[in-house]
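Here the structure is laid out as structure tokens; the discussion comes afterwards.
There are 2 protein chains.
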Amino acid sequence: MIKEGGAVVVTNIHDIARLSGCSVSTVSRVINHQKYVADDKRAKIEAIMQQLDYVPNRVARDLSNGQTKTIGVVLPYANHPYFARVIDGIVGAGFSAGYKITLLPTNYDMTIERHYLEQLRGKAYDALIFTSRSSSLDTLERYRKYGQIVCCEDPGDERQLAAAFTDRMASYVYALKWAQTQGYQTMGVVLSRNNVISASTRVTRRAYQEVYGKLTDTNLFTGAVTYDDGYQAGAYFAKAEHPVDAIFSNGDDIGAGIHQYFVDQHQPPIPVIGQENLLSSRLLHFSTIDHHLEALGQAAFRLAIGTSRTHELIKSDFIKR
Amino acid sequence: MIKEGGAVVVTNIHDIARLSGCSVSTVSRVINHQKYVADDKRAKIEAIMQQLDYVPNRVARDLSNGQTKTIGVVLPYANHPYFARVIDGIVGAGFSAGYKITLLPTNYDMTIERHYLEQLRGKAYDALIFTSRSSSLDTLERYRKYGQIVCCEDPGDERQLAAAFTDRMASYVYALKWAQTQGYQTMGVVLSRNNVISASTRVTRRAYQEVYGKLTDTNLFTGAVTYDDGYQAGAYFAKAEHPVDAIFSNGDDIGAGIHQYFVDQHQPPIPVIGQENLLSSRLLHFSTIDHHLEALGQAAFRLAIGTSRTHELIKSDFIKR
DNA sequence: ATAATTTATGAAACCGGTCCCAGGTCAAGT
DNA sequence: ACTTGACCTGGGACCGGTTTCATAAATTAT
Chain A
1 MIKEGGAVVV
11 TNIHDIARLS
21 GCSVSTVSRV
31 INHQKYVADD
41 KRAKIEAIMQ
51 QLDYVPNRVA
61 RDLSNGQTKT
71 IGVVLPYANH
81 PYFARVIDGI
91 VGAGFSAGYK
101 ITLLPTNYDM
111 TIERHYLEQL
121 RGKAYDALIF
131 TSRSSSLDTL
141 ERYRKYGQIV
151 CCEDPGDERQ
161 LAAAFTDRMA
171 SYVYALKWAQ
181 TQGYQTMGVV
191 LSRNNVISAS
201 TRVTRRAYQE
211 VYGKLTDTNL
221 FTGAVTYDDG
231 YQAGAYFAKA
241 EHPVDAIFSN
251 GDDIGAGIHQ
261 YFVDQHQPPI
271 PVIGQENLLS
281 SRLLHFSTID
291 HHLEALGQAA
301 FRLAIGTSRT
311 HELIKSDFIK
321 R
Chain B
1 MIKEGGAVVV
11 TNIHDIARLS
21 GCSVSTVSRV
31 INHQKYVADD
41 KRAKIEAIMQ
51 QLDYVPNRVA
61 RDLSNGQTKT
71 IGVVLPYANH
81 PYFARVIDGI
91 VGAGFSAGYK
101 ITLLPTNYDM
111 TIERHYLEQL
121 RGKAYDALIF
131 TSRSSSLDTL
141 ERYRKYGQIV
151 CCEDPGDERQ
161 LAAAFTDRMA
171 SYVYALKWAQ
181 TQGYQTMGVV
191 LSRNNVISAS
201 TRVTRRAYQE
211 VYGKLTDTNL
221 FTGAVTYDDG
231 YQAGAYFAKA
241 EHPVDAIFSN
251 GDDIGAGIHQ
261 YFVDQHQPPI
271 PVIGQENLLS
281 SRLLHFSTID
291 HHLEALGQAA
301 FRLAIGTSRT
311 HELIKSDFIK
321 R
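So the sequences go chain by chain: A and B.
Per full-length UniProt numbering, numbering through the first sequence is continuous, rising by one, with the last residue being 321.
Per full-length UniProt numbering, numbering through the second sequence is continuous, rising by one, with the last residue being 321.
Below you can see the structure in the form of structure tokens.
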């Protein structure tokens with residue numbers, strides 16, 4: 001019991017026990033609203049807890065219970081609208097379930113991802129949600145035994161990992177086919193990371209293959225994450241030898257950059273299809289795919305606290321503009 | 001020591017001590033890279049830790065150390081661009097300092113804020129950052145003794161609270177005076193919460209008073225948080241009996257809504273001054289105040305882990321468009 | 001009246017670490 | 001030879017809870 005200026009600042013369960021003339025076991029029972037405590041003792045203990053303004057120590061309980069009621073959310077960066085929406089879903093669901101959500105930025109660094117996986121081993125989190133990853137699925141799976149691990153992509157076949165993901169393939173194919181019906185013969189593509197580990201990249205290539213055939217290097221711009229990157233992409237396609245009729249972008253803000261480049265050059269803006277249904281596509285009035293990322297976050301959270309090793313598919317909507 | 005299919009899954013410091021023939025104290029010294037351990041013992045212990053793939057339990061260390069290296073960030077909702085930028089700053093700074101950042105949504109509910117303050121008492125966090133609040137400063141101050149509390153507004157006079165805030169007053173006055181030089185005789189204002197607890201609301205009123213005189217009800221629209229709210233505000237001012245020459249908005253996305261209403265009605269858009277320098281003001285080309293919210297978040301974090309009861313002022317920039 | 005439950009309580013182990021302190025070795029200083 | 005101080009080591013208290021288990025009283029069932 002630590003005092004400061006006469007007022008009690010910190011108390012523990014032993015103080016309460018001593019002052020109430022009971023044992024810590026009994027106090028613990030009162031704290032946890034368990035049966036088998038005499039009414040008078042319960043009242044007395046509650047009164048003393050009230051009086052000393054006692055609050056049980058969260059960390060001690062976590063240690064004893066072997067769980068922290070905390071979920072770690074692994075993401076490259078927090079300020080990107082894609083992740084912001086997913087986080088929003090996770091945080092909302094987490095709040096309702098009484099869980100704490102901790103943000104774990106990686107900047108796509110595998111070493112840092114490993115660090116968080118080690119923290120999972122150290123019981124710092126009950127589960128990890130990978131909204132994006134650089135490590136292999138094998139690596140993630142290897143840590144599965146230390147806690148639930150949820151990834152936000154289709155892990156395919158028989159994985160031990162839980163997964164919440166959007167139906168990218170279906171929505172991409174739908175969007176691209178719609179573009180064909182609009183008379184767009186050639187379609188440019190803008191991607192973020194051009195590697196096999198990015199689910200978005202992989203699926204975009206597959207969907208493109210199915211609808212437009214092989215994706216050539218000239219029709220592809222990679223490394224786009226922000227509006228300014230999109231602007232660069234716009235410049236690339238504007239100056240291209242064989243211009244494309246429309247561009248399928250990996251995000252609305254990037255799409256806005258593409259659009260804006262043409263506007264700034266006083267050229268007719270090339271039709272763009274974006275993703276995420278952000279304000280930018282609404283303002284510039286181009287089509288987009290809404291992946292319902294809040295729902296994705298909620299699903300990921302449910303999987304994180306559930307023990308069921310399952311998959312959840314979130315349907316996307318194509319918004320024609 | 002818990003095994004699963006032959007492989008060791010969980011070990012603790014006692015296992016390491018037993019297997020290495022040393023005491024727990026010595027193992028602890030090795031874990032923490034302390035002096036006074038014989039080279040051969042150190043090597044042996046390290047080898048065994050390696051072999052069993054031992055990771056110290058985070059929660060146990062936290063309990064013993066009396067700190068969690070976790071900062072709670074209190075905010076109304078996570079998906080709003082204002083808070084997204086502040087979070088980004090906090091998370092970045094937290095990562096560099098080896099701290100965990102937990103998001104605590106309140107939806108402006110005082111009861112929920114209280115709940116988080118109680119958690120601070122329960123040692124769940126080392127400090128709390130209030131990016132926004134509904135509780136009074138007195139209330140926050142009352143919990144100050146349980147941990148550092150940082151608020152993101154100017155708390156004025158002699159408060160025990162640490163504070164990181166932007167120079168709203170200066171930037172608002174600057175922006176409004178600039179508007180006057182542009183010939184805008186009457187200025188509408190859009191606010192989020194029209195109560196005295198919102199720093200933004202309070203300062204906007206004061207700045208308006210200083211430049212334009214008394215803020216009348218007819219020149220004010222409140223309750224705006226999103227683009228759609230801004231759209232409503234646009235409708236309000238478009239249909240007003242005494243139209244305003246320009247509108248000072250509490251956010252770029254809201255400003256975009258205002259702007260867009262006029263566009264949709266085929267009316268010449270009314271000049272808007274936004275805040276936060278988001279993509280929307282860039283796309284629609286209206287002036288805005290950049291509060292450098294990432295820097296605000298970083299400052300807030302520094303105050304959260306520092307014991308110095310200080311204030312940090314972040315300068316804003318007015319971006320004329 | 002006796003056996004079987006249910007209720008009530010506290011001692012003590014446990015969760016998995018940190019750290020103070022006592023005790024011992026050994027080389028340098030006087 | 002004797003003090004001094006740096007180096008090593010382990011026992012055990014401590015952080016603040018939860019939970020098992022033994023014990024006993026009060027009910028209920030037979």
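Don't be surprised by glycine CBs; every beta carbon is placed ideally from N, CA and C.
> At what residue ranges does the segment 172 to 242 of chain B contain a whole run of the beta strand (DSSP E), taking only runs of 3 or more?
Replying inline: Considered as a whole, the segment 172 to 242 of chain B harbours 187 to 190 as its complete beta strand (DSSP E) runs of no fewer than 3 residues, in chain order.
Interface residues of chain B facing N57/A [CB-CB closer than 8 Å]: Position 57 of the first sequence, counted from the start, is the residue given in the question as residue 57/A. L63, G122, K123, listed in chain order.
Worksheet item: Within the 8 Å Cβ cut-off, does Q232/B reach chain A?
Response: The count along the second sequence starts at 1 and reaches residue 232/B at position 232. False, the Cβ-Cβ gap to chain A never drops below 8 Å.
Check your understanding: Going along chain B in order, which residues have a C-beta closer than 9 Å to the C-beta of D253/A?
Key -> As a first step, residue 253/A must be located in the first sequence, where it is residue number 253. Identification of chain B residues near D253/A by a Cβ-Cβ cut-off of 9 Å yields L279, ordered along the chain.
Q) Interface residues of chain B around D154/A at Cβ under 8 Å? A) The residue given as residue 154/A occupies position 154 in the first sequence. What D154/A touches in chain B: nothing, since even the nearest Cβ is about 25 Å away.
Open item on the list: Which residues does DSSP list as the beta-bridge partners of C151/A?
Closed with: On the first sequence, position 151 is the one that residue 151/A refers to. C151/A is bridged by DSSP to F130/A, A163/A.
Subject >> Positions along the segment 34 to 57 of chain A whose CB lies within less than 7 Å of some CB in chain B >> reply: Within the segment 34 to 57 of chain A, V55, P56, N57 place their CB atoms closer than 7 Å to a CB of chain B, listed in sequence order.
Measuring only the C-alpha atoms, how far is P105/B from G223/B? As a first step, residue 105/B must be located in the second sequence, where it is residue number 105. As a first step, residue 223/B must be located in the second sequence, where it is residue number 223. Cα to Cα, P105/B sits roughly 19 Å from G223/B.
What residue range does the beta strand (DSSP E) around D290/B cover? Within the second sequence, residue 290/B is the residue found at index 290, counting from 1. Looking at the DSSP string, the run of the beta strand (DSSP E) that includes D290/B is 287 to 290.
With a 10 Å radius around its C-beta and 16 neighbouring C-beta atoms as the bar for buried, classify P268/B as buried or exposed. Here residue 268/B refers to the residue found at position 268 when the second sequence is read from its first residue. Exposed, since its Cβ has fewer than 16 Cβ neighbours within 10 Å.
Over the uninterrupted alpha helix (DSSP H) stretch that includes H311/A, give me the two end residues. In the first sequence, residue 311/A corresponds to position 311, counting from 1. From DSSP, H311/A is part of no alpha helix (DSSP H) but of the beta strand (DSSP E) over 311 to 314.
Quiz item: Bridge partners of G274/B, per DSSP?
Solution: As a first step, residue 274/B must be located in the second sequence, where it is residue number 274. Here G274/B is bridged, per DSSP, to T288/B.
When you compare only the Cα positions, how much space is there between N219/A and T139/B?
-> Locating residue 219/A in the first sequence gives position 219, where the first residue counts as 1. Locating residue 139/B in the second sequence gives position 139, where the first residue counts as 1. If I take the Cα positions, the gap works out to 59 Å.
If you run the structure through DSSP and keep just helix, strand and coil, what is V8/A?
Start at 1 with the first residue of the first sequence, and residue 8/A comes out as number 8. Here V8/A sits in strand by DSSP.
Given a threshold of 16 other Cβ atoms within 10 Å of its Cβ, counted over all protein chains shown, does E276/B qualify as buried or as exposed? Within the second sequence, residue 276/B is the residue found at index 276, counting from 1. E276/B comes out buried.
### Task
Pick helix, strand or coil for P56/B, following the three-state DSSP scheme.
Looking up residue 56/B in the second sequence gives position 56. The DSSP-derived three-state label of P56/B is coil.
P243/A classed as buried or exposed, judged by whether at least 16 other C-beta atoms fall within 10 angstroms = On the first sequence, position 243 is the one that residue 243/A refers to. Result: exposed.
* To do: Since I believe G297/A is in contact with G274/A (beta carbons under 8 Å), could you give me their beta-carbon distance rounded to a whole number of angstroms?
  => In the first sequence, counting from the first residue as 1, residue 274/A sits at position 274. In the first sequence, counting from the first residue as 1, residue 297/A sits at position 297. Rounded, the Cβ-Cβ distance is 20 Å, inconsistent with contact.
Based on Cα-Cα distance, which residue from H311/A, I305/A, L313/A, I319/A lies nearest to Q95/A? Counting from one through the first sequence, the residue named residue 95/A turns up at place 95. Per the sequence shown, residue 95/A should be read as Phe rather than Gln. The shortest C-alpha separation from F95/A is found at I305/A.
*asked:* Can you tell me whether G72/B is helix, strand or coil according to DSSP?
replied: Mapped onto the second sequence, residue 72/B falls at position 72. Here G72/B sits in strand by DSSP.
(Q) Spatial neighbours of Q294/A within its chain, please: C-beta separation below 8 Å, excluding the five flanking residues on both sides. (A) Within the first sequence, residue 294/A is the residue found at index 294, counting from 1. The sequence shown places Glu at residue 294/A, not Gln. Around E294/A: R85, V86, D88, G89, G92.
>> Give me the chain A residues within the contact set of P271/B, using Cβ-Cβ distance strictly less than 8 Å, ordered along the chain.
In response: Locating residue 271/B in the second sequence gives position 271, where the first residue counts as 1. Here the premise fails: no neighbours, minimum Cβ distance about 17 Å.
Going by C-alpha to C-alpha distance, which of Q50/B, D154/B, T288/B, R121/B sits closest to V10/A?
As a first step, residue 10/A must be located in the first sequence, where it is residue number 10. Comparing Cα positions, the closest option is R121/B.
TODO: Report the residue from A170/B, E241/B, K239/B whose alpha carbon sits nearest the alpha carbon of E210/B.
DONE: Taking the first residue of the second sequence as position 1, residue 210/B is located at position 210. E210/B has its Cα closest to that of A170/B, out of A170/B, E241/B, K239/B.
- Task: Just the chain B side, please: which residues come within less than 8 Å of P105/A by C-beta, in chain order?
- Result: Along the first sequence, read from residue 1 onward, the residue named residue 105/A stands at position 105. Against chain B, the beta carbon of P105/A has neighbours under 8 Å at V91, G92, F95, listed in chain order.
TODO: Would you give the residue range spanned by the alpha helix (DSSP H) that T111/B belongs to?
DONE: Translated into the one-based positions of the second sequence, residue 111/B becomes position 111. Element bounds for T111/B: 110 to 121.
- D245/B: first and last residue of the uninterrupted alpha helix (DSSP H) it sits in: Looking up residue 245/B in the second sequence gives position 245. That residue, D245/B, is in no alpha helix (DSSP H); it is neither H nor E in DSSP.
*For chain A, is any of its Cβ atoms less than 8 Å away from the one on N32/B?*
Residue mapping note: residue 32/B aligns to position 32 of the second sequence, counting from 1. N32/B does not count as touching chain A.
| said: Checking 8 Å against the spacing of the C-beta atoms, do T111/B and L75/B come in under that value? | reply: Locating residue 111/B in the second sequence gives position 111, counting from the first residue. Locating residue 75/B in the second sequence gives position 75, counting from the first residue. Contact flag unset, no.
Output the boundary residues of the beta strand (DSSP E) element that contains T102/A. Position 102 of the first sequence, counted from the start, is the residue given in the question as residue 102/A. In the DSSP annotation of this structure, the continuous segment of the beta strand (DSSP E) that includes T102/A starts and ends at 100 to 105.
- Task: Give the straight-line distance between the Cα atoms of A199/B and K35/A, rounded to the nearest whole angstrom.
- Result: By 1-based counting over the second sequence, the position of residue 199/B is 199. By 1-based counting over the first sequence, the position of residue 35/A is 35. Rounded to whole angstroms, A199/B and K35/A show a C-alpha spacing of 48 Å.
Item checked: Pair within 8 Å by beta-carbon distance, residue 340/A and Y172/A -> Absent from the model: residue 340/A. The displayed extent of chain A is 1 to 321, so no value can be given.
Taking a cut of 7 Å between CB atoms, which residues from the segment 279 to 293 of chain B lie near chain A? Going along the segment 279 to 293 of chain B in chain order, one finds L279, S280, L283, L284 with a Cβ nearer than 7 Å to chain A.
Cβ separation of D53/A and V8/A, assumed to be a contact under 8 Å, to the nearest whole Å:
As a working mapping, residue 53/A is identified with position 53 in the first sequence. As a working mapping, residue 8/A is identified with position 8 in the first sequence. Contact holds; Cβ gap of about 7 Å.
ask   = Between D253/B and S280/B, is the Cβ-Cβ spacing less than 8 Å?
value = Against the second sequence, residue 253/B aligns to sequence position 253. Against the second sequence, residue 280/B aligns to sequence position 280. For D253/B and S280/B, yes; Cβs fall inside 8 Å.
Q | 8 Å Cβ cutoff, Q148/A in contact with chain B | A | Counting from one through the first sequence, the residue named residue 148/A turns up at place 148. Answer no: the Cβ-Cβ gap between Q148/A and chain B never drops below 8 Å.
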